Amino acid sequence: MLPPAISARISPDRSPAVAARIGIALGIAVTICFVTGLLSHWIQQPPGWFRWPANPPWLYRVTQGGHVLSGVMAIPLLLIKLWSVYPRLFARPLLANPLHLLERGSIALLVGSMIFELATGLANIAQYYPWRFFFPAAHYAMAFVAFGALAVHLAVKLPIVRDALSRPVGEPAADQPAPTGLSRRGLLGAAVAATTVAGLAVAGQSVPWLRWIAVLAPRSGEGPQGLPVNRTAGQAGVTDTARAADYRLVVRAGTNERAFTRAELEALPQTAAILPIACVEGWSASAHWSGVRLRDLLATVGATGRHDVTVRSLEQSGLYRITQLPATHVVDDQTLIALRLNDAELSLDHGYPCRLIAPNRPGVLQTKWLSAIEVRA
Ligand SMILES: Nc1nc2c(c(=O)[nH]1)N[C@H]1C(S)=C(S)[C@@H](COP(=O)(O)O)O[C@H]1N2
Ligand SMILES: [Mo]
């Protein structure tokens, strides 16, 4: 039973019929978000058993765009869901038996971890880090808490959900008063509208024809050469080394080593590819790249492409100055050491003198301002 002071505040809109329907939409959004998030994490820190293909080239663009989109759309859904159930959180007795305690505990965990995931995710796409923990590790760990708590919650609530779904939205359950005030259909309509607006506000950071409406997308705008920039050469502290006269790209396989000037790289056979930059923050943009095929470059030091490769940047510090390129990508026709972008010389902010661009790979692993490429034995 609810205390009278609270039961008086329960509008019929706060019915299981509404809570269950919003809950299902939220469950779908959260599941998409969880699965795409796992993929993104595994691509960046692959467990031994994990293989991510180089093709199709656009796949990561879709999975990570879907991650951010589903997360943002989950925010209004979660708020409406909480609104539709919160008076019930005060139902007496607060803790009836051990099972009830478990259920209450799982809800506290669920709500807390969901809010944490959605808030840190939203801050991350805005590149706003008002905390001291390492975002990817915390966001990844808490995702398991949230998804686990969701599974428990769903199992506990399954009978209520089934009952609620067996009736049309407008029809009250046996123990419910007839609806008055804001209709339940009206509330569901508002939920759909809020979720659509939230989605449209970020979708444009990966869907070009929605770009004009992407008010929540910080990186949907233009950058040099028609492509946004995440970290500029100035921020990375490479402005001088990237333009130095003695710049060389070192390519190494075992004891074989060669050093190339930019002019020497330009003199090698050039390959072109249309590939996206697909940032983990959700924005993505396609571009025309050309340069030396990595496989061809490795052949100059006698490497066959069967091994993973370490790619190093001129950057002295920063998390993204070294990346590992798996053999699946090393051998791909479209994996380039890019020298040109959109029919012009690669600009300093996009990675001059040369950068890595490979198909189906997170932007964060598309290393700019290369200093060395080493085959791992
Ligand atoms: N050396 C280096 N390379 C880097 C980065 C970096 O910080 N340092 N940022 C990466 C990230 S997060 C993205 S999304 C892409 C963006 O490429 P762009 O700035 O050319 O669009 O570059 C990647 N390459
Ligand atoms: Mo990125």
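Residue numbers (numbering that gives the first Met the number 0): 0 to 376. All C-beta atoms, glycine included, are put in the ideal place defined by N, C-alpha and C. Note that this is a predicted model, so its numbers are computed, not measured.
Just list the residues that DSSP pairs tryptophan 288 with in beta bridges.
Ala272 and Leu340
Cut-off 6 Å between Cβ atoms - residues of its own chain near phenylalanine 146, not counting five sequence neighbours on either side
Phe33
Just tell me which of Leu37, Gln43, Gly22 and Ser14 has its CA closest to the CA of leucine 318.
Gln43
Taking a contact to mean a Cβ-Cβ separation below 8 Å, would you say asparagine 341 touches proline 56 in this structure?
no
For alanine 163, which residues in the same chain have their Cβ closer than 8 Å to its Cβ, ignoring the five residues on either side in sequence?
Ser14, Pro15, Ala16, Ala18, Ala19, Arg20 and Ala172
Nearest to glutamine 204 (by Cα), restricted to the options Phe143, Thr194, Ile276 and Arg261:
Ile276
Does any heavy atom of ligand 1 sit closer than 7 Å to the C-beta of alanine 125?
no
Could you say which of Phe259, Ser316, Val155 and Arg339 lies nearest to proline 223 if we only look at CA atoms?
Arg339
Could you give the distance in angstroms between the alpha-carbon of valine 237 and the alpha-carbon of alanine 200?
34 Å
Determine the DSSP secondary structure at valine 196, reduced to helix, strand or coil.
helix
Are the CB atoms of threonine 366 and threonine 322 within a distance shorter than 8 Å?
yes
Out of Ser370, Ser112, Arg91 and Leu187, which one is the CA nearest neighbour of proline 167?
Leu187
Quick check for students: name the residue ranges of the alpha helix (DSSP H) that lie wholly in the segment 114-161, counting only runs of 4 or more.
none
Give every residue whose Cβ lies closer than 6 Å to any heavy atom of ligand 2, listed in chain order.
Asn229, Cys278, Val279, Glu280, Gly362 and Val363
Element boundaries [beta strand (DSSP E), containing glutamine 323]
321-324
Flag threonine 366 as yes when its Cβ comes closer than 7 Å to any non-hydrogen atom of ligand 1, and as no otherwise.
yes
Can you name the start and end residues of the beta strand (DSSP E) that alanine 302 belongs to?
It is not in any beta strand (DSSP E) - alanine 302 carries neither H nor E in the DSSP assignment.
For ligand 4, any of its heavy atoms closer than 7 Å to the Cβ of histidine 349?
Within the structure as shown, ligand 4 is missing, the only ligands being ligand 1 and ligand 2.
Nearest by alpha-carbon distance to histidine 138: which of Ala154, Val279, Thr240 and His349 is it?
Val279
May I have a chain-ordered list of the alpha helix (DSSP H) segments no shorter than 4 residues that lie completely inside the segment 36-119?
58-84
Count the other CB atoms, across all protein chains shown, that sit within 10 Å of the CB of isoleucine 79; report buried if there are 16 or more and exposed otherwise.
buried
Could you tell me the distance, in whole angstroms, from the CA atom of valine 249 to the CA atom of asparagine 229?
25 Å
So is the beta-carbon of arginine 375 under 7 Å away from any non-hydrogen atom of ligand 1?
no
For glycine 301 and alanine 197, I'd like the C-alpha separation in whole angstroms.
52 Å
Between which two residues does the alpha helix (DSSP H) harbouring leucine 264 extend?
261-266
Per DSSP, cross-strand counterpart(s) of glutamate 256
Arg251
How about glutamate 373 and threonine 309: do their beta carbons lie closer than 8 Å?
yes
Cα-Cα separation between threonine 254 and tryptophan 41, rounded to whole angstroms:
32 Å
If you check the beta carbons only, do alanine 136 and serine 112 fall under 8 Å apart?
no
Can you tell me where the beta strand (DSSP E) with alanine 371 in it begins and where it stops?
369-374
Would leucine 313 pass as a contact of serine 370 if the rule is Cβ separation under 8 Å?
yes
Would you kindly work out how many angstroms separate the C-alpha atoms of threonine 62 and proline 268, rounded to a whole number?
33 Å
Boundaries of the beta strand (DSSP E) in which arginine 354 is found, first to last residue
354-356
Is the Cβ-Cβ distance between leucine 297 and tryptophan 288 less than 8 Å?
no
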